[in-house]
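In the UniProt record's numbering, the protein residues as written are 1 to 161.
First the structure, in the form of structure tokens, and then the observations on it.
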């Protein structure tokens with residue numbers, strides 16, 4: 001090893017040193033490729049932060065077949081909604097839907113959403129969500145997707161009878 005750092009590592013390769021070396025120089029000023037399209041598509045009106053606005057997307061819990069929900073067809077999303085009179089799924093909340101609703105509502109409460117029941121000194125968001133569910137005051141809608149891509153919307157009050 002010399003005083004200028006020219007030495008060998010455990011594999012016999014030269015490391016360090018005051019001289020140039022074989023490594024290419026990397027310039028931080030090189031322009032990077034853009035991996036996203038900064039412009040929105042022409043047929044979609046962007047909302048806040050470029051997101052597409054859906055008027056009731058905040059209070060809908062998705063349930064059912066996710067591949068059916070993503071299925072593409074010529075009908076628009078709103079045309080695939082089944083009217084309340086023609087719904088065929090059971091009017092009972094499943095354990096999966098209950099867990100998903102409690103978790104979603106507890107997250108909303110923890111982020112300072114208005115609470116719809118009397119707190120009575122309760123501070124745990126999950127316990128508050130359980131209390132709201134027990135009193136049938138959960139402001140969420142369960143969206144059940146069917147295998148053909150259509151969906152049914154159920155309110156929590158309807159499913160907790």
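Using N, Cα and C, we set each Cβ at its ideal position, and we do this for glycine too.
Given the structure is predicted, the values throughout are model-derived calculations rather than measurements.
Buried or exposed (CB count within 10 angstroms, at least 16 for buried), residue i
| i | result |
| --- | --- |
| residue 97 | buried |
| residue 105 | buried |
| residue 157 | exposed |
| residue 85 | exposed |
Limits of the unbroken alpha helix (DSSP H) element including residue i
| i | result |
| --- | --- |
| residue 110 | 95–110 |
| residue 157 | 156–159 |
C-alpha gap between residue i and residue j, whole angstroms
| i | j | result |
| --- | --- | --- |
| residue 100 | residue 8 | 59 angstroms |
| residue 88 | residue 148 | 13 angstroms |
| residue 76 | residue 150 | 11 angstroms |
| residue 59 | residue 142 | 9 angstroms |
| residue 91 | residue 161 | 8 angstroms |
| residue 130 | residue 112 | 16 angstroms |
For residue i, three-class secondary structure by DSSP
| i | result |
| --- | --- |
| residue 124 | coil |
| residue 65 | coil |
| residue 132 | helix |
Residue i CB to nearest heavy atom of the ligand NAP below 8 angstroms
| i | result |
| --- | --- |
| residue 160 | The ligand content of the structure shown is nil, which means the ligand NAP is not present either. |
Continuous beta strand (DSSP E) stretch holding residue i: start and end
| i | result |
| --- | --- |
| residue 87 | It is not in any beta strand (DSSP E) - residue 87 carries neither H nor E in the DSSP assignment. |
| residue 142 | 141–145 |
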